[in-house]
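For the sequence shown, the residue numbers in our numbering are 550 to 745. Ideal Cβ positions, reconstructed from N, Cα and C, are used throughout, including at glycine. First up is the structure itself, then whatever we jot down about it.
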Amino acid sequence: VREGLSGFEWAVGVPGTVGGAVVNNAGAYGRDMAATLVRADLLSPDGERVWQPVAWLKYDYRTSILKWQPNLEWVVLRAELQLTPAAPEAVEARMTGFNERRKSSQPPGATMGSMFKNPPGDYAGRLIEAAGLKGYRVGQAQISPVHANFFSNLGGATSTEMIELIEIAQQVVADKFKVRLELEIEVVGESAKPTP
Numbered sequence: 550v551r552e553g554l555s556g557f558e559w560a561v562g563v564p565g566t567v568g569g570a571v572v573n574n575a576g577a578y579g580r581d582m583a584a585t586l587v588r589a590d591l592l593s594p595d596g597e598r599v600w601q602p603v604a605w606l607k608y609d610y611r612t613s614i615l616k617w618q619p620n621l622e623w624v625v626l627r628a629e630l631q632l633t634p635a636a637p638e639a640v641e642a643r644m645t646g647f648n649e650r651r652k653s654s655q656p657p658g659a660t661m662g663s664m665f666k667n668p669p670g671d672y673a674g675r676l677i678e679a680a681g682l683k684g685y686r687v688g689q690a691q692i693s694p695v696h697a698n699f700f701s702n703l704g705g706a707t708s709t710e711m712i713e714l715i716e717i718a719q720q721v722v723a724d725k726f727k728v729r730l731e732l733e734i735e736v737v738g739e740s741a742k743p744t745p
């Protein structure tokens, strides 16, 4: 903002790190890393440091070649972004607008952001809500009553509860609409993993 650089305002309030955004092609409001990144400074599995252009990452919706690698072996060290000069006040105004939009449409508190990728031609949150699951709970894990593609930890939710809630949402939406919701988040650890 202070430097008067525009092009990354969409990322305000998006949880995570720049490295995670590069790996996952994070995005919001019609913009994403694929449209913002010029190149990434990476540490390869054999310990070599290399700058790779955005085309090398083979970006698609919320994924990249880095995500397809076994064990996520590449490490993002730095990112060069395509930004354009703009008045600091204009950059701040756009960031404020994105923040207000996010606050009015997404739940506050402990969530992981969007749980599922939007299927072609539809929205995961709309499908989950239409399936009657908005507000549905498993223990302390809840499908948000504010936005159905956000799953909240009401305090003390376990990974088992969250995974069960994910699987219920996937199954009910598949049964009602013949659409398989694909996770946008990454599930790691010892817990049983839901189907992607």
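Two segments are said to touch when three or more pairs of C-beta atoms, one from each, lie closer than 8 Å; by this definition the stretch 635-646 does not touch the stretch 704-720. Per DSSP, the unbroken beta strand (DSSP E) holding Pro602 starts and ends at Arg598 to Pro602.
Per DSSP, reduced to three states, the secondary structure at Asn667 is coil, with no helix or strand assignment. Under the three-state reduction of DSSP, Thr707 is assigned to coil, being neither helix nor strand.
Below 8 Å, enough C-beta pairs join the stretch 673-690 and the stretch 721-737 to call them touching: three or more.
The C-alpha of Asp590 is placed about 7 Å away from the C-alpha of Gln601. Scanning the stretch 671-724 from its first residue to its last, the whole beta strand (DSSP E) runs of 3-plus residues come out as 690-692 and 700-702. The alpha-carbon of Pro619 is positioned some 10 Å away from that of Pro594. Beyond the five residues adjoining it in sequence on each side, Val625 comes within less than 7 Å, by CB distance, of Gly568, Val571, Val572, Ala589 and Leu591 in the same chain, given in chain order. Looking only at Ala604, Arg627 and Leu632, the smallest Cα-Cα distance to Ser555 is reached by Leu632.
Take Tyr578, set aside five residues on each side of it, and the residues of its chain with a beta-carbon closer than 8 Å to its own are Trp559, Phe647 and Arg650, in chain order.
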